[in-house]
Every structure is written in C-alpha cells, then in structure tokens.
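For the sequence shown, the numbering used here begins at 9 and goes up steadily by one. Every residue, glycine too, gets a C-beta built ideally from N, C-alpha and C. The next block holds one structure in the form of structure tokens; read it before the comments.
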Amino acid sequence: MWDTSKDYRLSVAEKSVELFLKTVEGARFKGKWDKKKAVQLAKEMVPEIQAMRYSYVDPRDLVGTPQMKALKEKANGIVE
C-alpha cells in the first residue's frame, strides 16, 4: 500500500489548480474564451485530486483511476 497523501505529484497538481484559479480569476486575458467554464472546471478538479490523495493506491494504478480520467477530461475542457 502506497501513502498517496504524501505523494509530491498530487501536491503539485493541487497547488497548480490553486494558482491557476488565482491567475484566471484576477486577470483579463485577450481573445475568446469562456472564463466561467474554465473556473468551474478547475474548481471541480480539486475534489478529484483530494480523492486520489487519500486513496492509498499504488502509483502505477493511480493512472487508471476514474479520478485521473475525470481530471484529464476537465483539463481538456479548459484548454478548449
């Protein structure tokens, strides 16, 4: 059993979402994009990361979890 609560990759992911939200909410970017959708999707990523953090799944199996699939879909939604 792996202690995912101390996995640095999940800590980096959580901090990245936090910094992304601070940047997007406080800035005005040029171009056409849906700010509300990006913020909403980023906020939805936080519980997924926390679920992975306290899952105690082996690192190799972490990639195949439903939470990882949801994170990828939300990240792609932000990029689009």
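Between the C-alpha atoms of residue i and residue j, what's the straight-line distance to the nearest angstrom?
i     : j     : result
Glu33 : Asp69 : 34 Å
Lys14 : Ser63 : 11 Å
Phe37 : Leu27 : 16 Å
Gly72 : Met60 : 11 Å
Please state whether DSSP places residue i in a helix, a strand or coil.
i     : result
Val71 : coil
Tyr62 : coil
Gly85 : helix
Ala35 : coil
Taking residue i as the reference, give the member of the options with the closest Cα.
i     : options                       : result
Lys57 : Lys45, Leu79, Ala83 and Val71 : The question names Lys, but residue 57 is Ile in the sequence shown. Out of Lys45, Leu79, Ala83 and Val71, Leu79 has the C-alpha closest to the C-alpha of Ile57.
Could you name the residues of the same chain whose beta carbon sits closer than 7 Å to that of residue i, not counting the 5 residues immediately before and after it, in chain order?
i     : result
Ile86 : Ala46, Leu49 and Ala50
Ordered along the chain, which non-local residues of its own chain (more than five positions away) have a Cβ less than 6 Å from that of residue i?
i     : result
Ala21 : Ile57
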